[in-house]
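Student: For reference, the structure I am asking about is given below.
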Ligand SMILES: *Cc1c(COP(=O)(O)O)cnc(C)c1O
């Protein structure tokens, strides 16, 4: 068994245990294996081990490996978890099954139009910048209700949930709780939160989707500056 397959099984059982500990079933939490920076040869053993849900953060990088993998394995569910520029919306709608980073009117409108054009309905999450960090994408918590309403009424979108990336230097659970609160008051059932370092806490706070990269694939190479 490859190191990544072993790590996958380890993470799967941790997710299951965390779900059980908070009175939920293991089917209530979807494990997204974040494969960014890893090529198809590293991803294939993880697919062979039964994992079907994957996350990537760049459209260009995804186009280099996923069309082939998706042709090979028909039941892959691919999530975009990184920022999306409107000039990449056509590629994104063609490739992904879910976009977790809807965070501004221009993007929401472009996605609505492109999904109609391609006759493809993707699952959508709205990203919330719970830490109100300048460098981070996402709608501000105080603007979330209005933006969700606008997505529904103006562009006919039906987001399924909210996504957040807490600030690295803060207690993640505060951000998970805030995200859950915003989702509840907007009738959004899905919560994408929790990464390698805190996915068990996220499950405890109601995550329905956890995004786990390095705990499965190992450390990523540092990006070339
Ligand atoms: C890279 C990434 C992850 C996974 O991070 P790990 O710490 O490697 O688990 C999760 N979410 C987003 C948005 C990411 O970009």
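Numbering (the working numbering), first residue to last: 299 to 523.
We put the CB at the ideal spot given by N, CA and C, even for glycine.
1) When you compare only the Cα positions, how much space is there between residue 467 and residue 509?
2) Counting C-beta neighbours from all protein chains within 10 Å, is the total for residue 519 16 or more, i.e. buried, or is it exposed?
3) Nearest by alpha-carbon distance to residue 489: which of 347, 326 and 315 is it?
4) Can you have a look at residue 300 and say buried or exposed, based on whether 16 or more other CB atoms are within 10 angstroms of its CB?
5) Would you list, in sequence order, the uninterrupted alpha helix (DSSP H) runs of no fewer than 4 residues that lie entirely inside the region 495-523?
6) What separation, rounded to the nearest whole angstrom, lies between the Cα atoms of residue 516 and residue 479?
7) Could you tell me whether the region 356-373 touches the region 399-419, where touching means 3 or more Cβ pairs closer than 8 Å?
8) Would you decide whether residue 438 is buried or exposed? Buried here means 16 or more other CB atoms lie within 10 Å of its CB.
9) Suppose you measure from the CA of residue 378 to the CA of residue 362; what does that come to, to the nearest Å?
10) Of the choices 336, 337 and 349, whose alpha-carbon is the least far from that of residue 328?
11) Is residue 462 closer than 8 Å to residue 425 when the C-beta atoms are compared?
12) Leaving out five residues on either side along the sequence, give the residues of the same chain with a beta carbon under 6 Å from the beta carbon of residue 453.
13) How would you write the range of the alpha helix (DSSP H) that residue 392 sits in, first residue to last?
14) Quick check on the burial criterion: 16 or more other C-beta atoms within 10 angstroms. Buried or exposed for residue 496?
15) Of all the options 404, 344, 485 and 394, which has the alpha carbon lying nearest to the alpha carbon of residue 385?
16) How far does the beta strand (DSSP E) with residue 399 in it reach, from first residue to last?
17) Which value, in whole angstroms, describes the spacing of the CA atoms of residue 316 and residue 352?
18) Assuming residue 334 contacts residue 492 under a Cβ cut-off of 8 Å, what Cβ separation, rounded to an integer in Å, is found between them?
19) Could you check how far apart the C-beta atoms of residue 470 and residue 499 are, in whole angstroms? I think they sit under 8 Å.
20) Taking all protein chains shown into account, do 16 or more other C-beta atoms lie within 10 angstroms of the C-beta of residue 457, making it buried, or fewer, making it exposed?
21) Pick out the complete beta strand (DSSP E) segments inside the region 303-344, 3 residues or longer, and give them in chain order.
22) Could you name the residues of the same chain whose beta carbon sits closer than 8 Å to that of residue 338, not counting the 5 residues immediately before and after it, in chain order?
23) For the alpha helix (DSSP H) containing residue 278, list its first residue and its last residue.
Tutor: So, from the data block:
1) Your numbering for residue 467 matches position 169 in the chain shown. Your numbering for residue 509 matches position 211 in the chain shown. Approximately 19 Å, taken between the alpha carbons.
2) In the chain shown, counting from the first residue as 1, residue 519 sits at position 221. Flag for residue 519 reads exposed.
3) As a first step, residue 489 must be located in the chain shown, where it is residue number 191. Residue 326 is the option with its Cα nearest to residue 489.
4) Taking the chain shown and counting its residues from 1, one reaches residue 300 at position 2. With fewer than 16 Cβ atoms within 10 Å of its Cβ, residue 300 is classed as exposed.
5) Correct list: 497-502 and 512-515.
6) By one-based count along the chain shown, residue 516 stands at place 218. By one-based count along the chain shown, residue 479 stands at place 181. Straight through space, the alpha carbons of residue 479 and residue 516 are spaced by roughly 33 Å.
7) With the rule of 3 Cβ pairs closer than 8 Å, the region 356-373 does not count as touching the region 399-419.
8) Counting from one through the chain shown, the residue named residue 438 turns up at place 140. Exposed, since its Cβ has fewer than 16 Cβ neighbours within 10 Å.
9) The count along the chain shown starts at 1 and reaches residue 378 at position 80. The count along the chain shown starts at 1 and reaches residue 362 at position 64. Between residue 378 and residue 362, the C-alpha separation is close to 14 Å.
10) Taking the first residue of the chain shown as position 1, residue 328 is located at position 30. When each option's Cα is compared against that of residue 328, the closest is 349.
11) Taking the chain shown and counting its residues from 1, one reaches residue 425 at position 127. Taking the chain shown and counting its residues from 1, one reaches residue 462 at position 164. Residue 425 is a Cβ neighbour of residue 462, given a cutoff of 8 Å.
12) The residue you call residue 453 lines up with position 155 of the chain shown. Counting only Cβ-Cβ distances below 6 Å, and skipping sequence neighbours, we find 406, 407 and 410.
13) Numbered from its first residue, the chain shown carries residue 392 at position 94. Note, residue 392: alpha helix (DSSP H), 387-393.
14) In the chain shown, counting from the first residue as 1, residue 496 sits at position 198. The residue is buried, with at least 16 neighbouring Cβ atoms inside 10 Å.
15) Translated into positions along the chain shown, residue 385 becomes position 87. Of 404, 344, 485 and 394, the smallest CA-CA separation from residue 385 is found for 404.
16) Position 101 of the chain shown holds residue 399. For residue 399, the uninterrupted beta strand (DSSP E) segment begins and ends at 396-400.
17) Residue 316 sits at position 18 when you count from the first residue of the chain shown. Residue 352 sits at position 54 when you count from the first residue of the chain shown. Roughly 20 Å between the two C-alpha positions.
18) As a position in the chain shown, residue 334 is number 36, starting the count at 1. As a position in the chain shown, residue 492 is number 194, starting the count at 1. By a beta-carbon distance limit of 8 Å, residue 334 does not contact residue 492. Their separation comes to about 16 Å.
19) Residue mapping note: residue 470 aligns to position 172 of the chain shown, counting from 1. Residue mapping note: residue 499 aligns to position 201 of the chain shown, counting from 1. The beta carbons of residue 470 and residue 499 sit about 6 Å from each other, so the pair counts as a contact at 8 Å.
20) Within the chain shown, residue 457 is the residue found at index 159, counting from 1. Buried: at least 16 other Cβ atoms inside 10 Å.
21) You should have 328-332.
22) In the chain shown, the residue the question calls residue 338 occupies position 40. These residues qualify, in order along the chain: 363, 366 and 367.
23) For the chain, the structure presents residues 299 to 523; residue 278 sits outside this window and is missing.
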